[in-house]
Amino acid sequence: MTEVNRKIHVIGINSYKFEDLSCDLQNLFLETENIAVPNSYFEEIKSWSEENGLLKKKSFFSSKSNNELFNWLRSQKTDAILISRGDPLWFGIGRILLENFSKEELSFYPSNTCIQLAFSKLKIPWQDTVNVSIHGRDSIKLVEALKARPASLTIITDSNNKSLEIIKENLSELNLIDFYDFWLCEEIGFDKENIRKLNLKESLPTNISKLNIVVLTKSKINYSNNNLPIFGISDHIFKTFDDRPNLFTKREIRVQILADLELPKNGVIWDIGAGCGSIGLEALKLRPNLDLFCIDKRIGSKELILENSKRLGVKPKFIFEEDINNTFNKRNLSSFGKPNRLVIGGCNKKTKLQIIKTLAQVMNIGDIIVIPIIDIQTIKELEEELEDKGFKTNLNLIQTYKSLSIAEGMRLEPNNPVFILKGKKYI
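Just so you know, we're using our numbering here: the sequence shown kicks off at 10 and counts up by one.
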């Protein structure tokens, strides 16, 4: 294999000013004849030679970052410079260069990324931010990131595929419009730098630079239960576990469970495996005279349920942060209200069966047990146990799809299927 002696120097910039380069990079630019520059800022970089009286000594190539660029680089017999933005190895041209040239040929000189500069301007720590690019890519990774609801999220956009409209639509479709502050950062580090916070309930502005990124930061929302719907509360209203943001019953499933519970005006409802309390608390909002018992063994669940109680403007009777088996073994159940409605979620088959055996015998005719299930293998035994205890059962499979905007239009995103086993006591 022929040894290549010349080098390709890939220089990241975050301003069009020659003096903002380090002294070493200024000298490298002055000494190198062949220079490739993205066509979007070709004239600005070419002017560096005019300022230093070197224009006749330079050979500039206007790059569209395609095969023509790679052919031009291969044709150079002496060292060449390729100007890039920010860090070429961070969502930049660096990855593609490494696929087309050997590591020995390439030298990288990163500048601050647009993300670093944006967070420095916003004065927000960024070590935990999630970074996503939809520049020349679809928005699948963006949707996945949004579903995890990180504290901050940065998005590299693409002016050619209506990126801002797609981000806005995805936030709306995932009920996250009020969850995030939307910062539009244009031409970060350059003379026309502009950072503005947009209200996504209004139309997007028309005077937006093609060189932009988006930073999403969690909003500090003062939740008011006055603005909540009567039924079908949005998922984003509920505070959940930071490390497991999707560990709660989604709206579409929650609505069906609440309907199956046939909530009475008065009585007692037990929510076992309550998580953040979404089912029991919405039941209590619908029927304020119910006594609600929430039980969950996860550390921190009581704090979450209390916070969500405030957001919904309701007050559970008891919240136990413990394993239900501990409740059965160490507490005097006769001092609690017998459940007229029982939701069993978030525990294994053995525990579910034990709950039915323990509580079904104290429930009255007309009382209801509802069990959301994701493991199809457990259904038969649970169904048989309910019927053995005098419950008439029925089973529903709930499979929903959510429309999500993409560059080409729309696609349907499936939610995880959930079986809902309902038992109503008749003897």
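Idealized CB from N, CA, C, for every residue including glycine.
Length-filtered (3 minimum) beta strand (DSSP E) runs lying within the region 112 to 152: 115 to 118, 139 to 142
Continuous alpha helix (DSSP H) stretch holding Ala457: start and end: Because the chain in this structure spans residues 10 to 436, residue 457 falls outside the shown range and cannot be described.
Reduced DSSP secondary structure (H/G/I, E/B, other) of Lys206: strand
4 or more residues per run - each alpha helix (DSSP H) lying fully within the region 286 to 365: 287 to 295, 310 to 321, 333 to 339
Residue(s) in a DSSP beta bridge with Tyr410: Pro423
Exposed unless 16 or more other CB atoms sit within 10 angstroms - verdict on Cys32: Cys32 should be labelled exposed.
Inter-stretch contact (C-beta, 8 Å, three-pair minimum) for the region 134 to 151 and the region 34 to 47: no
Outcome for Pro426 when other beta-carbon atoms lying within 10 angstroms are tallied against a minimum of 16: With a threshold of 16 other beta carbon atoms within 10 Å, Pro426 falls short and is exposed.
Supposed contact pair Val352 and Ile281 - C-beta distance, whole angstroms, cut 8 Å: About 7 Å separates the two Cβ atoms, so the contact holds.
Close beta carbons around Arg261, own chain, < 8 Å, minus the five adjacent residues each side: A small fix is needed here, since residue 261 is Glu in this sequence, not Arg. So the list reads Ile407, Thr409, Asn424, once near-sequence residues are dropped.
Residue span of the beta strand (DSSP E) that contains Glu195, given as start and end: 189 to 195
CB-CB length for Val224 against Ser168, believed under 8 Å: Not confirmed; about 17 Å, so no contact.
DSSP state of Ala89 mapped onto helix, strand, coil: strand
Gly21 vs Asp96 beta-carbon contact at 7 Å: Taking 7 Å as the Cβ cut-off, Gly21 and Asp96 qualify as a contacting pair.
Nearest-angstrom Cα separation, counted from Gln85 out to Met10: Model confidence at Met10 stands at a pLDDT of 41, short of 50, so the residue's coordinates are unreliable; what they give is reported in the following sentence. Just so you know, the alpha carbons of Met10 and Gln85 end up roughly 18 Å apart.
Completely contained beta strand (DSSP E) runs for the region 50 to 77, where each covers 3 or more residues: 68 to 72
Distance between Thr215 and Thr387 (C-alpha atoms, nearest Å): 55 Å
Minimum C-alpha distance to Glu291 - residue among Gln136, Pro238, Ile436: Among Gln136, Pro238, Ile436, the Cα nearest to that of Glu291 belongs to Pro238.
Contacting residues, own chain, Cβ-Cβ under 8 Å from Gly101 (five flanking each side not counted): Gly21, Ser93, Arg94, Gly95
Residue range of the unbroken beta strand (DSSP E) whose run includes Leu225: 221 to 227
Asp29, DSSP secondary structure in three states: helix
Cβ neighbour criterion (16 or more within 10 Å) applied to Ser120: Within a 10 Å sphere around the beta-carbon of Ser120 sit 16 or more other beta-carbons, which makes this residue buried.
The region 412 to 423 / the region 363 to 376 touching (three or more Cβ pairs under 8 Å): Three or more beta-carbon pairs separated by less than 8 Å are not found between the region 412 to 423 and the region 363 to 376, which leaves the two stretches without contact.
Nearest neighbour of Asn335, chosen from Lys306, Asn317, Lys347 [CA to CA]: Lys306
N-terminal and C-terminal residue of the alpha helix (DSSP H) that Ile105 is part of: Run containing Ile105: 103 to 109, per the alpha helix (DSSP H) assignment.
Leu301 and Lys326 closer than 7 Å at C-beta: For the pair Leu301 and Lys326, the CB atoms are nearer than the 7 Å cut-off.
Alpha-carbon spacing of Asn341 relative to Arg253, whole angstroms: Inter-residue distance for Asn341 and Arg253 is about 33 Å (C-alpha atoms, whole angstroms).
Residue range of the unbroken alpha helix (DSSP H) whose run includes Val277: No alpha helix (DSSP H) contains Val277, which is instead part of the beta strand (DSSP E) from 276 to 281.
Contact belief for Ile197 with Ile415 at Cβ below 8 Å, rounded distance in angstroms: Contact doesn't hold; Cβ gap of about 26 Å is too wide.
Distance, Val379 Cα to Phe428 Cα: The alpha-carbon atoms of Phe428 and Val379 are separated by roughly 10 Å.
Spatial distance of Gly346 from Val277 (CA atoms): 6 Å
Continuous alpha helix (DSSP H) stretch holding Ser243: start and end: Neither: Ser243 is in no alpha helix (DSSP H) and is coded neither H nor E.
Straight-line Cα distance separating Ile186 from Phe257: 20 Å
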